[in-house]
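Residue numbers (the working numbering): 69 to 194.
Yeah, the Cβ is synthetic: ideal placement off N, Cα and C, and Gly gets one too.
Notes to accompany the following structure.
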């Protein structure tokens, strides 16, 4: 009668399992890091586009020396400009520029400037 040998786990098989587990963990970790980087770069790209759109509008208004409370669309962004009186000074206004993403209604960039404006050249909004 032949003797039955019990199937045992050899050392080389154990090493293969550990190395395989390590490689799978490494692949999952790198995929997660890559995914997070792509998501963060898209958010940074949107904020950079908002920054550029606001700066273009600021430069345009400074060149023309006209500051108005307007709302302009730039692709998927809406740039809102508001004028708020600064204290009790008649000619000083805080000009606020906000870049808002249309779908999420999220403010991506906000800039405030203190400007001296002629009383007849603006509309005040609060």
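(message) Helix, strand or coil, according to DSSP, for residue 127 in the structure here?
(response) helix
(message) I'd like to know if the stretch 110-123 and the stretch 166-186 are in contact, where contact means that at least 3 CB-CB pairs between them fall below 8 Å.
(response) yes
(request) In the DSSP assignment, find the unbroken beta strand (DSSP E) run with residue 167 in it and report its ends. (result) 160-169
(request) Could you tell me which residues DSSP pairs with residue 120 in its beta bridges? (result) Beta-bridge pairing links residue 120 to no other residue.
(request) Determine the extent of the beta strand (DSSP E) in which residue 141 is found, giving its start and end residues. (result) 139-142
(request) Kindly indicate the opening and closing residues of the beta strand (DSSP E) around residue 148. (result) 145-153
(request) Give the straight-line distance between the Cα atoms of residue 182 and residue 158, rounded to the nearest whole angstrom. (result) 13 Å
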